[in-house]
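Engineer: Below is the structure I would like to discuss, written out as structure tokens.
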Amino acid sequence: MKSDIMPDQTQFMAESPLYEEVGLDNAPEKPLSELEIKKRQQKKVMRIIIGLVTFLLVIGGIFAFIKFRYGSEEEASSEIEEVKLDEVIVGPFNQRLLELENELELADPNQEELPFPPIDFEISLEK
Amino acid sequence: MLFIKNLLLSLFLISFFLFNSDLIYAQGDEAASVIVYEKESLSKDILQLKLQYRSELEEYRRLENLYIIAKDQYHNLGTLASLEDAVQKTQEAMDSRSKVLRTYLRLLRLKLLSQPGIELPDKKDAEQSLLSALQKIEQHQQQLVEPLDKPQISEISDNFEDLAVQVEEAAYQTLAVMAIGELQTIHDKAIVLKDDMEVEIATAGGALKSTERKRSFDETDRVLNTLKPEFDAVEEKFSKPSTSGYKGVYGAIEDRLGLIHSALSQALTFLGELLKI
Numbered sequence: 001m002k003s004d005i006m007p008d009q010t011q012f013m014a015e016s017p018l019y020e021e022v023g024l025d026n027a028p029e030k031p032l033s034e035l036e037i038k039k040r041q042q043k044k045v046m047r048i049i050i051g052l053v054t055f056l057l058v059i060g061g062i063f064a065f066i067k068f069r070y071g072s073e074e075e076a077s078s079e080i081e082e083v084k085l086d087e088v089i090v091g092p093f094n095q096r097l098l099e100l101e102n103e104l105e106l107a108d109p110n111q112e113e114l115p116f117p118p119i120d121f122e123i124s125l126e127k
Numbered sequence: 001m002l003f004i005k006n007l008l009l010s011l012f013l014i015s016f017f018l019f020n021s022d023l024i025y026a027q028g029d030e031a032a033s034v035i036v037y038e039k040e041s042l043s044k045d046i047l048q049l050k051l052q053y054r055s056e057l058e059e060y061r062r063l064e065n066l067y068i069i070a071k072d073q074y075h076n077l078g079t080l081a082s083l084e085d086a087v088q089k090t091q092e093a094m095d096s097r098s099k100v101l102r103t104y105l106r107l108l109r110l111k112l113l114s115q116p117g118i119e120l121p122d123k124k125d126a127e128q129s130l131l132s133a134l135q136k137i138e139q140h141q142q143q144l145v146e147p148l149d150k151p152q153i154s155e156i157s158d159n160f161e162d163l164a165v166q167v168e169e170a171a172y173q174t175l176a177v178m179a180i181g182e183l184q185t186i187h188d189k190a191i192v193l194k195d196d197m198e199v200e201i202a203t204a205g206g207a208l209k210s211t212e213r214k215r216s217f218d219e220t221d222r223v224l225n226t227l228k229p230e231f232d233a234v235e236e237k238f239s240k241p242s243t244s245g246y247k248g249v250y251g252a253i254e255d256r257l258g259l260i261h262s263a264l265s266q267a268l269t270f271l272g273e274l275l276k277i
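This is the structure we're talking about:
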């Protein structure tokens with residue numbers, strides 16, 4: 001009667017592959033049919049295409065963002081420049097005009113600053 | 001699945017950056033313009049004299065009322081006591097009147113000297129008139145230092161009539177020359193401002209705006225040019241005072257100065273509109 005326990009480890013090591021369970025993965029592959037090969041190839045191509053599209057979308061998004069950001073910056077800076085130019089040209093004139101308006105307000109002949117004092121020139125004891 | 005995951009991730013990242021950039025721009029939009037209003041600069045002396053003038057005028061009004069009451073009482077009662085009171089109150093009122101006039105003339109002189117834009121000969125003439133009137137006022141005031149009796153009061157009162165005319169003439173001559181000078185200065189400044197604006201902004205903003213501006217500048221020019229004969233007429237009246245003297249001149253040119261003021265106001269409004277085109 002043969003026991004399950006093998007005291008001889010050397011023999012066991014040599015025979016151990018014989019006792020291993022044969023799984024599906026290790027099972028020798030069946031030769032693939034042409035249809036299956038085509039399907040697998042199509043899947044690979046699809047994966048590559050999807051990866052490429054995703055990559056292009058990300059790159060496109062980044063480009064769009066950069067363009068938008070720098071574009072709006074340029075636009076804003078040109079607007080600010082325009083405003084600054086206007087201020088540079090018109091600002092001093094506004095200031096001078098404002099000063100003139102103030103001076104004109106003070107020079108109103110109907111609103112004398114120092115009218116002749118309302119005093120009696122005929123102070124006397126006579127009636 | 002992988003595609004959808006990648007797509008959502010990239011969309012999320014893009015939207016995050018875009019939203020962030022909007023925030024940055026929103027924070028950076030801070031434009032504040034400060035307009036500084038420059039008020040009329042008065043010298044310390046003018047300010048002090050103004051305060052002194054006001055208090056002296058108030059004091060004069062109080063003493064004038066007392067003088068009127070005392071005079072009425074004297075004429076009603078005719079007693080020695082009421083005469084004494086009336087003489088005293090009259091003398092006080094006269095003295096107070098001299099103080100008011102003296103301070104007023106000094107104030108006018110300082111204002112005249114501090115004002116730019118007046119022809120030097122006109123300024124000197126007006127100042128000379130003021131100084132001469134001031135000297136006479138001080139002499140008149142000296143007579144009021146000692147206690148006076150009724151005849152002395154009457155004599156001083158009679159003499160003051162001539163002095164009053166001289167004081168009025170000096171004052172109105174100065175008021176007229178200052179009023180003309182002020183408006184003349186504003187007129188000159190407005191012309192310079194218009195010319196500078198024409199050089200700087202006439203051609204800015206394209207052909208359509210240029211044409212609009214050209215028409216506006218022409219209209220402003222027209223308004224400013226109509227003032228030249230007005231100023232000439234005013235100056236002619238001032239240089240040749242009639243028998244009514246400078247008081248009459250001042251009264252005569254007041255209306256014309258009012259018209260000049262209105263026209264200048266219109267010209268400045270035009271210039272303001274031009275800056276907005």
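For the protein sequence lines, the chains are A and B, in the order given.
If you're matching positions, the first sequence starts at 1 in my numbering and goes up one per residue.
If you're matching positions, the second sequence starts at 1 in my numbering and goes up one per residue.
Ideal Cβ positions, reconstructed from N, Cα and C, are used throughout, including at glycine.
Computed from a predicted model, the values in this text were never measured in an experiment.
(1) Span of the alpha helix (DSSP H) holding B:I253?
(2) Could you name the residues of the stretch 92 to 110 of chain A whose beta carbon sits closer than 8 Å to any beta carbon of chain B, in the order they occur along the chain?
(3) Can you tell me which of B:S262, B:L275, B:K276, B:L271 puts its alpha carbon nearest to the alpha carbon of A:E105?
(4) Should B:G245 be flagged as near chain A, meaning a C-beta pair shorter than 8 Å?
(5) Please confirm if B:G248 has its CB atom under 8 Å from at least one CB of chain A.
(6) Taking the Cβ atom as the reference point for each residue, do B:Q91 and B:S82 lie within a distance shorter than 8 Å?
(7) State the CB to CB distance for the pair B:I186 and B:K111, rounded to an integer number of angstroms; the pair is presumed to be in contact (CB under 8 Å).
(8) Below 8 Å between beta carbons: does that hold for B:Y246 and B:A176?
(9) I'd like to know if the stretch 183 to 200 of chain B and the stretch 152 to 172 of chain B are in contact, where contact means that at least 3 CB-CB pairs between them fall below 8 Å.
(10) Taking the Cβ atom as the reference point for each residue, do A:P109 and B:E254 lie within a distance shorter than 8 Å?
(11) Provide the residue span of the alpha helix (DSSP H) that contains A:K127, from first to last.
(12) By a C-beta neighbour count over all protein chains shown, 10 Å radius and 16 as the cutoff for buried, is B:F217 buried or exposed?
(13) Mind listing the chain B neighbours of A:L114? Cutoff is C-beta to C-beta under 7 Å, in chain order.
(14) Tell me the DSSP secondary structure of B:S242 in three-state form.
(15) Is it buried or exposed for B:G181, if we count other Cβ within 10 angstroms and need 16 for buried?
(16) Does any CB atom of chain A fall closer than 8 Å to the CB of B:A263?
(17) Say whether chain B places a C-beta atom closer than 8 Å to the C-beta of A:L125.
(18) Given B:L101, which residues of its chain have a CB within under 7 Å of its CB, disregarding the five upstream and five downstream residues?
(19) Residue range of the alpha helix (DSSP H) that A:P115 falls in?
(20) How should A:Q111 be labelled, buried or exposed, when 16 other C-beta atoms within 10 angstroms of its C-beta is the threshold for buried?
(21) Could you pull out every unbroken alpha helix (DSSP H) segment of at least 4 residues lying fully inside the stretch 161 to 246 of chain B, listed in chain order?
(22) Who are the Cβ neighbours of B:L108 in its own chain at under 7 Å, not counting the five residues just before and after it?
(23) Checking contacts by CB at 8 Å: is B:T220 closer than that to chain A?
(24) Leaving out five residues before and five after B:Y67 in sequence, what residues of the same chain have Cβ atoms less than 6 Å from its Cβ?
(25) Please state the DSSP three-state secondary structure of B:L144.
(26) If we count the other Cβ atoms within 10 Å of its Cβ and call it buried at 16 or more, is B:I260 buried or exposed?
(27) Distance check for B:L275 and A:R96, CA to CA, integer angstroms please.
Structural biologist: Working from what's here:
(1) Taking the second sequence and counting its residues from 1, one reaches residue 253 of chain B at position 253. Annotation: the continuous alpha helix (DSSP H) that includes B:I253 extends over 245 to 276.
(2) Under the 8 Å Cβ criterion, the stretch 92 to 110 of chain A contributes F93, N94, Q95, R96, L97, L98, E99, L100, E101, N102, E103, L104, L106, A107, D108, P109, N110.
(3) Taking the first sequence and counting its residues from 1, the one referred to as residue 105 of chain A is at position 105. The residue among B:S262, B:L275, B:K276, B:L271 with its C-alpha nearest the C-alpha of A:E105 is B:S262.
(4) Translated into the one-based positions of the second sequence, residue 245 of chain B becomes position 245. It does not: the Cβ of B:G245 has no partner Cβ on chain A nearer than 8 Å.
(5) Taking the second sequence and counting its residues from 1, one reaches residue 248 of chain B at position 248. Not one chain A Cβ lies under 8 Å of B:G248.
(6) The residue you call residue 91 of chain B lines up with position 91 of the second sequence. The residue you call residue 82 of chain B lines up with position 82 of the second sequence. Cβ distance not < 8 Å, so B:Q91 and B:S82 don't count as in contact.
(7) Your numbering for residue 186 of chain B matches position 186 in the second sequence. Your numbering for residue 111 of chain B matches position 111 in the second sequence. Incorrect: roughly 16 Å between the Cβ atoms, too far for contact.
(8) Position 246 of the second sequence, counting from 1, holds the residue named residue 246 of chain B. Position 176 of the second sequence, counting from 1, holds the residue named residue 176 of chain B. Cβ distance < 8 Å, so B:Y246 and B:A176 count as in contact.
(9) Taking 8 Å as the limit for Cβ pairs, the verdict is that the stretch 152 to 172 of chain B does not touch the stretch 183 to 200 of chain B.
(10) As a position in the first sequence, residue 109 of chain A is number 109, starting the count at 1. As a position in the second sequence, residue 254 of chain B is number 254, starting the count at 1. Their beta carbons are under 8 Å apart, which means A:P109 touches B:E254 by this criterion.
(11) Here residue 127 of chain A refers to the residue found at position 127 of the first sequence. No alpha helix (DSSP H) contains A:K127, which DSSP labels as neither H nor E.
(12) Counted from its first residue, the second sequence places residue 217 of chain B at position 217. Classification for B:F217: buried.
(13) As a first step, residue 114 of chain A is located in the first sequence; it is residue number 114 there, counting from the start. Near A:L114 (Cβ distances below 7 Å), the residues of chain B are L107, L108, K111.
(14) Translated into positions along the second sequence, residue 242 of chain B becomes position 242. When DSSP states are grouped into helix, strand and coil, B:S242 belongs to the coil group.
(15) If you number the second sequence from 1, residue 181 of chain B lands on position 181. Counting C-beta atoms within 10 angstroms of its own C-beta, B:G181 has 16 or more neighbours from the protein chains shown and is therefore classed as buried.
(16) Here the question's residue 263 of chain B lines up with position 263 in the second sequence. By this cut-off, B:A263 is not an interface position.
(17) What you label residue 125 of chain A is simply residue 125 of the first sequence in a count that begins at 1. Interface residue, yes.
(18) Taking the first residue of the second sequence as 1, we reach residue 101 of chain B at position 101. Around B:L101: I137, V167.
(19) Here residue 115 of chain A is taken as the residue at index 115 of the first sequence, counted from 1. Where A:P115 is concerned, there is no enclosing alpha helix (DSSP H), given that its DSSP letter is neither H nor E.
(20) The residue labelled residue 111 of chain A in the question sits at position 111 within the first sequence. Burial call: exposed.
(21) As far as the stretch 161 to 246 of chain B is concerned, its whole alpha helix (DSSP H) runs of at least 4 residues are 206 to 239.
(22) Start at 1 with the first residue of the second sequence, and residue 108 of chain B comes out as number 108. Answer for B:L108: L130, A171, T174, listed in chain order.
(23) Residue 220 of chain B sits at position 220 when you count from the first residue of the second sequence. No, B:T220 does not count as interfacial toward chain A.
(24) Looking up residue 67 of chain B in the second sequence gives position 67. Only residues of its own chain outside the window of five on either side were considered, and among them K89, T90, A93 have a CB closer than 6 Å to the CB of B:Y67, listed in chain order.
(25) Counted from its first residue, the second sequence places residue 144 of chain B at position 144. In the three-state DSSP reduction, B:L144 falls in the coil class, being neither helix nor strand.
(26) In the second sequence, residue 260 of chain B corresponds to position 260, counting from 1. B:I260 is buried by the Cβ-count criterion.
(27) Locating residue 96 of chain A in the first sequence gives position 96, where the first residue counts as 1. Locating residue 275 of chain B in the second sequence gives position 275, where the first residue counts as 1. Looking at the backbone, the Cα of A:R96 and that of B:L275 are separated by about 12 Å.
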